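Enquirer: There's a structure below that I have some questions on.
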Amino acid sequence: MALFSLLSEIDSRKTSWAIKARVVRLYREPLFKRPEEIGSIEMVIHDSTGQRIHVSMKANIMDNLEKKIDEGSVYIIKNFLVVEDKNTLKTTTNRYRLILFRATHMKVIEDTEFPYHMHNFRNFNQLSPDNEIDEHQLIDVMGRIVSYKQPSNVFGLSSKRMDFCIDDNEGRQLSCSLWSEYVDDLFPILENSEDKSVVISILFAKVSRFRDDIKISNISNVTKVTINGEGDNFIDLKKNLKITDNGWSKKVLTDSNYEIYDAIVKRNSRFRTLGFLNNLHDDGLYWVEATIVDIITTKGCWFLACKKCERKRVLDEITRRCIYCHTENFFDAFRFQMDVMVVDKTGSATLSMPNSACVNLIGKCASEIKEIYGDSTGSIPNVIEDALINKKALFEVRISSDRSIAQGDHHTVARIALDEELMYIYEEIYGKRETPTNDHATHGTLGDGKGEKEKQQQTDDGENEAVHGRADAENIEGENTDVDAGNIEEYNTDAASEDGTHVTHNLMRRRIMLKKEK
Numbered sequence: 001m002a003l004f005s006l007l008s009e010i011d012s013r014k015t016s017w018a019i020k021a022r023v024v025r026l027y028r029e030p031l032f033k034r035p036e037e038i039g040s041i042e043m044v045i046h047d048s049t050g051q052r053i054h055v056s057m058k059a060n061i062m063d064n065l066e067k068k069i070d071e072g073s074v075y076i077i078k079n080f081l082v083v084e085d086k087n088t089l090k091t092t093t094n095r096y097r098l099i100l101f102r103a104t105h106m107k108v109i110e111d112t113e114f115p116y117h118m119h120n121f122r123n124f125n126q127l128s129p130d131n132e133i134d135e136h137q138l139i140d141v142m143g144r145i146v147s148y149k150q151p152s153n154v155f156g157l158s159s160k161r162m163d164f165c166i167d168d169n170e171g172r173q174l175s176c177s178l179w180s181e182y183v184d185d186l187f188p189i190l191e192n193s194e195d196k197s198v199v200i201s202i203l204f205a206k207v208s209r210f211r212d213d214i215k216i217s218n219i220s221n222v223t224k225v226t227i228n229g230e231g232d233n234f235i236d237l238k239k240n241l242k243i244t245d246n247g248w249s250k251k252v253l254t255d256s257n258y259e260i261y262d263a264i265v266k267r268n269s270r271f272r273t274l275g276f277l278n279n280l281h282d283d284g285l286y287w288v289e290a291t292i293v294d295i296i297t298t299k300g301c302w303f304l305a306c307k308k309c310e311r312k313r314v315l316d317e318i319t320r321r322c323i324y325c326h327t328e329n330f331f332d333a334f335r336f337q338m339d340v341m342v343v344d345k346t347g348s349a350t351l352s353m354p355n356s357a358c359v360n361l362i363g364k365c366a367s368e369i370k371e372i373y374g375d376s377t378g379s380i381p382n383v384i385e386d387a388l389i390n391k392k393a394l395f396e397v398r399i400s401s402d403r404s405i406a407q408g409d410h411h412t413v414a415r416i417a418l419d420e421e422l423m424y425i426y427e428e429i430y431g432k433r434e435t436p437t438n439d440h441a442t443h444g445t446l447g448d449g450k451g452e453k454e455k456q457q458q459t460d461d462g463e464n465e466a467v468h469g470r471a472d473a474e475n476i477e478g479e480n481t482d483v484d485a486g487n488i489e490e491y492n493t494d495a496a497s498e499d500g501t502h503v504t505h506n507l508m509r510r511r512i513m514l515k516k517e518k
C-alpha cells in the first residue's frame, strides 16, 4: 500500500488521508462584513500526477499547522475533510475540495524529484467565441501585450480598470482587463518599457463571454499576475513571438478606438465590404471602410430637435412640451439630418448619418452652422461639403433583415471612426485578402434614393452564393453638366480585380443646387 494517496483516490468517506503535494497558489480571503480582517487561507495544490485540488482553512488555525506556507514548496498533509466543491468560481476541475482543521498535520519537505506543475496555460484556440466556454472555471493564460488603454476609474466604484490585448506565438489575440492593484503594477511597466515584448501571465483568471468576444479578467485575491518573468515559459514565449515592425505593436489607444482596434487585429467577422453588405439580409452591426462621394438631402441638413429625446421637435399646443418625452423646450436645439453616398472597391451604398457622426466629421454642431448660414433647405453649406466629400472613414453600419428591395443599398450608420492609424491597420490586414473572380455592381441614379441594384450570383458545387468580391479601384473621374435645374455630376469608376476581371461601376449622382434668393 502506498504511503501517500493520489488526489484521484481520495473521497469524503474518511478524514485519515495522507497526501504529498506542491502548493501552486496561496491567498487570503477577507471577511465579507469586515474586509480588513482575514477570514480564511485558501490554497491550490497538485500531487505527483499534476492533478489539482482546492484547499481551505480558517485563519485561526494557521498557527497550528505552520506559520508560513510558501508557493512552490512541497508538503505532507495528513487528516483533513474532503467535501464537495460548491464554490461558484472553480480554481480546479476537481469535484472535491479539502478543509484543514485543528487535527490536520502539515509539514514542509525537501523533494527535488517531485513534479513541478505551477501553471496550466490555455491555448488561445480553445478560447475562441465559437467554442464552449465554462465561465465558472478559472484558467491560466500567457501572452505578449500588443495594445492597451489608459487606466480609468469605473463609475460607481473606487477601483481602476485597464483593458489590453495579448497575443500568443501564433499571433492569435485575446482581450483582457485588470482591476485595482493589478493596474498599479502593470501600467508603469507599459509606460516606461521600450521593449515591444512585454509578456504577462495571468494565473487563475476569469474567462467570460462579452458580446461576440472572449474576455479575460482578474478575481480579487485569487488571480496571480506576473510581468516579464524569468521562468522558462517566459523565455520560450519571447523566443517564439513573431515580433513585427508594422508600427502598431503595443499601441496606446483611446476608449473609443480600443474596441475597433481589438476587432480589426482579431480579423473579426463584423468587418465587411459594401458589396457584401448590400446582399446581406441578417440583422446586425458591421464595420466597413468607405469614402464619401456625395451628400443627399432634400429637406435641409439639419432639423429642430427636442433637447432630451433628440427626435424632431413637436410640441403639445397646450403644455408646450415634447409629445414624445414630455420635456419642456425653452431653447432651440438643432441636429444634423443627411444621407451620404459612399463607395469602396466593391460597390456603393447610401448611408443615413446620425447627428454624432456628422458632428465628428464636420467638426461643428448643427446650431453653429445654422447661425452662420441660416436655413439649409435646398442647399448645402460649403463648410459641410468641404468636410464630407472625399472623406474616408470606418463606418459601423446597422443592417436590417426586413428592409425592402428598394432599400437594398440604403443603410443606417451607428457610429464612425476617423483615426488614420485604425484605417491603416484595417487596410494592412483586409487590403491583402484574395479577390474573387466576380464582383457585384450597382447601377442607377442614387441622388434621389431610387437607384436599382443588380446582383450577380455564381454557382459553386450546386449552391448559389452572393458575389461580394473586392477590386482595386483605378480611378474616379467626375464630369459636371450644367442644366437649368442645377448640376448633374457623374462618377465612373473602372475597377479591376487582381485576377484581371474588370467591373465598371457607373455611379451617377444627381443633386439639384438651388440658388438662395438674396
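Going by full-length UniProt numbering, the sequence shown runs without a break in its numbering and finishes at 518. For every residue, glycine included, the Cβ atom is placed at its ideal position computed from N, Cα and C. These figures come from a predicted structure and were not determined experimentally.
Considering Ile295, what are the terminal residues of the beta strand (DSSP E) in which it resides?
Expert: 284-296
Enquirer: What does the alpha-carbon distance come out to for the pair Val314 and Arg335?
Expert: Going by the C-alpha atoms only, they are around 14 Å apart.
Enquirer: On the CB-based measure, 16 or more other CB atoms within 10 Å of its CB, does Arg209 come out buried or exposed?
Expert: Arg209 should be labelled exposed.
Enquirer: Would Thr104 pass as a contact of Asn131 if the rule is Cβ separation under 7 Å?
Expert: no
Enquirer: Mark Pro354 as exposed unless 16 or more other C-beta atoms lie within 10 angstroms of its C-beta, in which case mark it buried.
Expert: buried
Enquirer: Quick one, are the C-beta atoms of Val44 and Arg13 less than 7 Å apart?
Expert: no
Enquirer: Opposite Ala349 in the DSSP bridges: which residues?
Expert: Note: Ala349 sits in a beta bridge opposite Val342.
Enquirer: Which residue comes first and which comes last in the alpha helix (DSSP H) that contains Val359?
Expert: 355-362
Enquirer: Leaving out five residues on either side along the sequence, give the residues of the same chain with a beta carbon under 7 Å from the beta carbon of Asp213.
Expert: Pro129, Ser175
Enquirer: Which of the three DSSP states is assigned to Asn153 in this structure?
Expert: strand
Enquirer: Taking the C-alpha atoms as reference points, what is the distance between Cys165 and Thr346?
Expert: Separation of Cys165 and Thr346 (C-alpha to C-alpha, rounded to the nearest whole angstrom) is 31 Å.
Enquirer: Going by Cα to Cα distance, which pick from Gln137, Val397, Thr112, Ile369 is closest to Ala349?
Expert: Val397
Enquirer: Among all the DSSP beta bridges, which residues are the ones paired with Glu29?
Expert: Ser40
Enquirer: Are the Cβ atoms of residue 525 and Ser201 separated by less than 7 Å?
Expert: The structure shown has nothing for residue 525, since the chain only spans 1 to 518.
Enquirer: If contact is defined by three or more beta carbon pairs under 8 Å, each pair taking one atom from either stretch, is the stretch 26-39 in contact with the stretch 5-12?
Expert: no
Enquirer: Quick check: what's the CA-CA separation for Ile425 versus Glu289?
Expert: 11 Å
Enquirer: Flag Pro188 as yes when its Cβ comes closer than 6 Å to any non-hydrogen atom of the ligand NAD, and as no otherwise.
Expert: Of the ligands one can find in the structure shown there are none, so the ligand NAD has no counterpart to examine.
Enquirer: Leaving out five residues before and five after His366 in sequence, what residues of the same chain have Cβ atoms less than 6 Å from its Cβ?
Expert: Looking at the sequence shown, residue 366 is not His but Ala. Once the five neighbours on either side are set aside, the close Cβ partners of Ala366 are Trp302, Phe334, Arg335, Phe336.
Enquirer: Based on the DSSP output, what are the partners of Ala305 in its beta bridges?
Expert: Lys312, Ala333
Enquirer: Between the Cα of Asn218 and the Cα atoms of Val342, Asp232, Lys160, Ile235, which residue gives the shortest distance?
Expert: Lys160
Enquirer: Assuming Val108 contacts Glu71 (C-beta within less than 8 Å), just tell me the rounded distance between them.
Expert: Not really, about 12 Å apart at Cβ, beyond 8 Å.
Enquirer: Using C-beta distances below 8 Å, list every residue in its chain close to Val413, excluding the 5 sequence neighbours before and after it, in chain order.
Expert: Leu351, Ser352, Met353, Pro354, Ala357, Phe395, Glu396, Val397, Arg398
Enquirer: Could you say which of Ile380, Lys312, Trp287, Ile372 lies nearest to His411 if we only look at CA atoms?
Expert: Residue Trp287 is the option with its Cα nearest to His411.
Enquirer: Among Cys306, Phe187, Val55, whose alpha-carbon lies nearest the alpha-carbon of Met106?
Expert: Minimum Cα distance to Met106 is reached at Val55.
Enquirer: For Leu285, does the count of other Cβ atoms within 10 angstroms reach 16, so buried, or fall short, so exposed?
Expert: exposed
Enquirer: Once you ignore the five residues that flank Asp484 on each side, which residues in its own chain have a CB closer than 8 Å to its CB?
Expert: Summary for Asp484: the model assigns pLDDT 35, below 50, so the residue's position carries little reliability; its value from the coordinates is reported in the next sentence. Counting only Cβ-Cβ distances below 8 Å, and skipping sequence neighbours, we find nothing.
Enquirer: Rounded to whole angstroms, what is the Cα-Cα separation between Asp344 and Thr273?
Expert: Approximately 7 Å, taken between the alpha carbons.
Enquirer: Which same chain residues, not among the five before or five after Asp339, have their C-beta less than 6 Å away from its C-beta?
Expert: Ile296, Thr350, Ser352
Enquirer: Three-state secondary structure (DSSP) at Gln51?
Expert: coil
Enquirer: Quick check on the DSSP output: what are the complete beta strand (DSSP E) runs of length 3 or more inside the stretch 92-117, in order along the chain?
Expert: 96-100, 105-109
Enquirer: Taking the CB atoms as reference points, tell me whether Gly143 and Asp167 lie closer together than 7 Å.
Expert: Yes, Cβ-Cβ distance for Gly143 and Asp167 is below 7 Å.
Enquirer: In angstroms, rounded to a whole number, what distance separates the CA positions of Ile53 and Ala18?
Expert: 14 Å
Enquirer: Figure out for me which residue from Ile362, Phe114, Asp419 has the closest Cα to the Cα of Ala21.
Expert: The shortest Cα separation from Ala21 among Ile362, Phe114, Asp419 belongs to Phe114.
Enquirer: Taking only the alpha-carbon atoms, compute the straight-line gap between Met62 and Lys86 and give it to the nearest angstrom.
Expert: Straight-line measurement puts the Cα of Lys86 at about 23 Å from the Cα of Met62.
Enquirer: Please identify the residue among Ala387, Val207, Ile384 whose C-alpha is closest to the C-alpha of Asp134.
Expert: Val207
Enquirer: Looking at the secondary structure, which residues open and close the alpha helix (DSSP H) in which Val383 lies?
Expert: 382-388
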